[in-house]
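Below is one structure; the comments refer to it alone.
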Amino acid sequence: MSELRIHVWLVLLNAPPLCTDTYLDLVRQGASPAYAKIRNDTFRTLTTDPLFRRRVTENSLTRVLNAIAWKLHDANEARVNGWMSPPTLGIPKSLDGTDNMFHSPASVSTRRGRGSVTGTEGSEAGGDNSGSVGYVQGMNVLAAPFLYAAKSEAEAFAAFDRFITHECPGYVRGSMDGVHKGLALVDQILAIVDPRLSSHLLSKGMKAEIYAFPSVLTLCACTPPLPEVLLLWDFLLAYGPHLNLLCIVAQLVLVRDTLLNSQSPKPDFKPLKARPVIDYTVNFARKIPQDLYEQMLAHAQ
């Protein structure tokens, strides 16, 4: 694995330098309102990928996601209350005075008036957060490549935070509107680059919302093997995450014959083959009308 990859990604994301203490302060805050959902997701993150399991622990992934959840929660509180900056972050120990890095979820409601862990499945706890950026199911897989490539949790946090807040905030809002827009665009793109395959899938009721939701949300990080995901992400971070929609269509075209010959087609993108996917993506980009390409650029915002 390239030691330079995370540094290149940080440059491509234009991520500002992050003081490690900033990350540690977020970790010391304990369990966020989204902690229960995070714990429900982390144990099943890339479970079949031995490279990821050897390099990234579940605790490490949990800490990064919990820190992200706190940062997004505090930023949303600042926005709602009209503060110029988020509330103070530093809390050295858990409420019970122990050194545990996380409270039990039940204790979260007593901290700083944060509210309970209950709420909608797609957003953080408390109120209607459909328009705010927060933890949503699937962010664990989206964070995985950053943790795998990074040399430290703070480095992964800086890259992941920049990515979700600047490149694809629409994917991590409670309503996940960016993901749904992306799925609709996948159907439109396929109809342009391969009308026959598009018609066949639609005739069988196989719309992108059925088979492509994880691939849109995670930028194909859900499709093993991980080394191929990293190669694909090198391309996407260099030329724009919006091209992931074309990458999904490219994966469909790679299994085109199988799908056309099936009376019950169900796309299976495993294993990911980054090089041919990138080649097809570059070719397809030339065929996309300007107005549709502009929708691709804007769909995740």
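If you use mature numbering (1 follows the signal peptide of the UniProt record, and there is no 0), the sequence shown corresponds to residues -21 to -1, 1 to 280, in order. Here a beta-carbon is modelled for each residue, glycine too, at the ideal position from N, C-alpha and C.
Practice problem: Pick helix, strand or coil for Ile267, following the three-state DSSP scheme. | Solution: In the three-state reduction of the DSSP assignment, Ile267 falls in the coil class, being assigned neither a helical nor a strand state.
Quiz item: For the putative contact between Leu238 and Leu176, defined by C-beta atoms under 8 angstroms, what is the C-beta separation to the nearest angstrom?
Solution: About 6 angstroms separates the Cβ atoms of Leu238 and Leu176, confirming a contact at the 8 angstroms cut-off.
Practice problem: Flag this pair as yes or no: are the beta carbons of Pro174 and Glu207 separated by less than 8 angstroms? | Solution: Taking a C-beta distance under 8 angstroms as the contact criterion, Pro174 and Glu207 do not qualify as a contact pair.
Exercise. Just confirm the distance between the C-beta atoms of Glu(-19) and Ser39, as a whole number of angstroms; I'd bet it's less than 8 angstroms.
Key: About 18 angstroms separates the two Cβ atoms, so there is no contact after all.
Practice problem: Take the Cβ of Gly184 as the centre, count every other Cβ of all protein chains shown within 10 Å, and call the residue buried at 16 or more, exposed below. | Solution: It counts as exposed.
Quiz item: Going along the chain, which residues of its own chain have a beta-carbon closer than 7 angstroms to the beta-carbon of Tyr18, five neighbours each way excluded?
Solution: One point to set straight first is that residue 18 is Arg, not Tyr, in the sequence displayed. For Arg18, same chain residues with a beta-carbon under 7 angstroms away, outside a window of 5 residues either side, are Thr41 in chain order.
Quiz item: Roughly how many angstroms lie between the CA atoms of residue 348 and Asn240, to the nearest whole one?
Solution: With the chain running from -21 to 280 in the structure shown, residue 348 is simply not present.
Practice problem: Quick one: residues in its chain with C-beta nearer than 6 angstroms to the C-beta of Phe139, no 5 flanking neighbours on either side, listed in chain order? | Solution: These residues qualify, in order along the chain: Ala122 and Phe125.
Quiz item: Which class does Arg23 belong to by DSSP, given the choice of helix, strand or coil?
Solution: Coil, per DSSP.
Quiz item: Under a Cβ-count criterion, where at least 16 other Cβ atoms within 10 Å of its own Cβ denotes burial, should Arg254 be classed as buried or exposed?
Solution: Classification for Arg254: exposed.
Quiz item: Should Asp236 go down as buried or exposed, given a rule of 16 or more other Cβ atoms within 10 Å for buried?
Solution: Exposed is the call here.
Quiz item: Apart from the five residues just before and just after Phe248, which ones in its own chain have a Cβ nearer than 6 angstroms to its Cβ?
Solution: Contacts found: Thr202 and Gln230.
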